[in-house]
Amino acid sequence: MKAFNMQLTVVNNVAVHGHEAELARILQKHENLFSNELGCYAYGKINLQLTPDAQPTFKKPRQVPFKFRDQVAGELDKMEREGIITKCDSSEWGTPLVPVVKPDSSIRLCGDYKVTLNSYLQDVKHPLPTAEEIFSKLNGGRRFSKLDLSKAYNL
992 MKAFNMQLTV VNNVAVHGHE AELARILQKH ENLFSNELGC YAYGKINLQL
1042 TPDAQPTFKK PRQVPFKFRD QVAGELDKME REGIITKCDS SEWGTPLVPV
1092 VKPDSSIRLC GDYKVTLNSY LQDVKHPLPT AEEIFSKLNG GRRFSKLDLS
1142 KAYNL
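Last residue of the sequence shown: 1146 (the working numbering), numbering continuous.
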């Protein structure tokens, strides 16, 4: 970071004083962007390209630690109610569930696709910027933020 004359600072809370009316106006104008509801990707269908040798793979579920079983069950029920997942009787594809504890002690449910689907995905090349390119674009900036998507699902 010294090369870019930058210093990283961790900010846990931001207080805005004297701008409440402006903030309320912006939040109301863009309420669809700040909704607590699950949003949907509506810009086309996503297609995963599989290799010609792809074979359906089903891995048995991993044991969920007893401490997290109620949270995991609750999160699965919530995801079903929100239409993120659908119960099915059987499937040729199945990947282990990985519950991840978030900083606020809630659970994020992830799938371990490394052991099932990932090895059959065709690699789609997209040029990614290097860290140096990203930091050079940040040079001179005065305000930065970290966005954490509460759910990274698209219907």
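Note that CB positions come from ideal geometry on N, CA and C, so glycine has one too. Since we're looking at a predicted model, the values are computed, not measured.
| field | Host alpha helix (DSSP H) of Ile-1125 (start-end) | value | Stepping through the sequence shown from its first residue, residue 1125 is reached at position 134. That run of the alpha helix (DSSP H) goes 1122 to 1129.
| Do Glu-1104 and Thr-1121 have their C-beta atoms within less than 8 Å of each other? | Taking the sequence shown and counting its residues from 1, one reaches residue 1104 at position 113. Taking the sequence shown and counting its residues from 1, one reaches residue 1121 at position 130. It should be pointed out that residue 1104 corresponds to Tyr in this sequence rather than to Glu. Result no, Cβ atoms of Tyr-1104 and Thr-1121 do not sit closer than 8 Å.
| message | Looking at Leu-1108: is its Cβ nearer than 8 Å to the Cβ of Gln-1040? | response | Along the sequence shown, read from residue 1 onward, the residue named residue 1108 stands at position 117. Along the sequence shown, read from residue 1 onward, the residue named residue 1040 stands at position 49. Contact flag unset, no.
| message | In whole angstroms, give me the CA-to-CA distance for Glu-1083 and Lys-1020. | response | As a first step, residue 1083 is located in the sequence shown; it is residue number 92 there, counting from the start. As a first step, residue 1020 is located in the sequence shown; it is residue number 29 there, counting from the start. When rounded, the distance between both Cα atoms is 45 Å.
| message | Beta-carbon within less than 7 Å of Arg-1099's beta-carbon, same chain only, minus the 5 sequence neighbours each way: which residues are those? | response | Taking the sequence shown and counting its residues from 1, the one referred to as residue 1099 is at position 108. Hits under 7 Å: Val-1091, Lys-1093.
| request: Rounded to whole angstroms, what's the CA-CA distance from Ile-1125 to Arg-1133? Just pull it up for me. | output: Working through the sequence shown from its first residue, we reach residue 1125 at position 134. Working through the sequence shown from its first residue, we reach residue 1133 at position 142. Going by the C-alpha atoms only, they are around 15 Å apart.
| query | Which residue's Cα is closest to the Cα of Leu-1029: Arg-1060, Glu-1073, Leu-1018, Asp-1114? | reply | Taking the sequence shown and counting its residues from 1, one reaches residue 1029 at position 38. Cα-wise, what sits closest to Leu-1029 is Glu-1073.
| request: Would you kindly check if the distance between the Cβ of Leu-1088 and the Cβ of Gly-1102 is under 8 Å? | output: In the sequence shown, the residue the question calls residue 1102 occupies position 111. In the sequence shown, the residue the question calls residue 1088 occupies position 97. Their beta carbons are under 8 Å apart, which means Gly-1102 touches Leu-1088 by this criterion.
| field | Where the alpha helix (DSSP H) through Leu-1108 begins and ends | value | Here residue 1108 is taken as the residue at index 117 of the sequence shown, counted from 1. No alpha helix (DSSP H) contains Leu-1108, which DSSP labels as neither H nor E.
| To which residues does DSSP link Gly-1102 through a beta bridge? | As a first step, residue 1102 must be located in the sequence shown, where it is residue number 111. Paired residues: Leu-1088.
| Starting from Val-1063 and walking both ways along the alpha helix (DSSP H), at which residues does that stretch end? | One-based indexing of the sequence shown puts residue 1063 at position 72. Note, Val-1063: alpha helix (DSSP H), 1060 to 1072.
| task | Whole angstroms is fine: what's the gap from Glu-1071's alpha carbon to Asn-1130's? | result | Taking the sequence shown and counting its residues from 1, one reaches residue 1071 at position 80. Taking the sequence shown and counting its residues from 1, one reaches residue 1130 at position 139. Whole-angstrom Cα-Cα distance: 44 Å.
| said: If you reduce the DSSP assignment to three classes, tell me which class Phe-1057 lands in. | reply: For the purposes of this step, residue 1057 is taken as the residue at position 66 of the sequence shown. Phe-1057: helix per DSSP, three-state reduction.
| query | Whole-angstrom Cβ separation of Lys-1051 and Val-1106, contact assumed at under 8 Å? | reply | Within the sequence shown, residue 1051 is the residue found at index 60, counting from 1. Within the sequence shown, residue 1106 is the residue found at index 115, counting from 1. The pair is not a contact, with the Cβ atoms about 11 Å apart (cut-off 8 Å).
| field | Range of the contiguous alpha helix (DSSP H) that encloses Arg-1016 | value | By one-based count along the sequence shown, residue 1016 stands at place 25. Judged by DSSP secondary structure, Arg-1016 falls within the alpha helix (DSSP H) whose first and last residues are 1011 to 1020.
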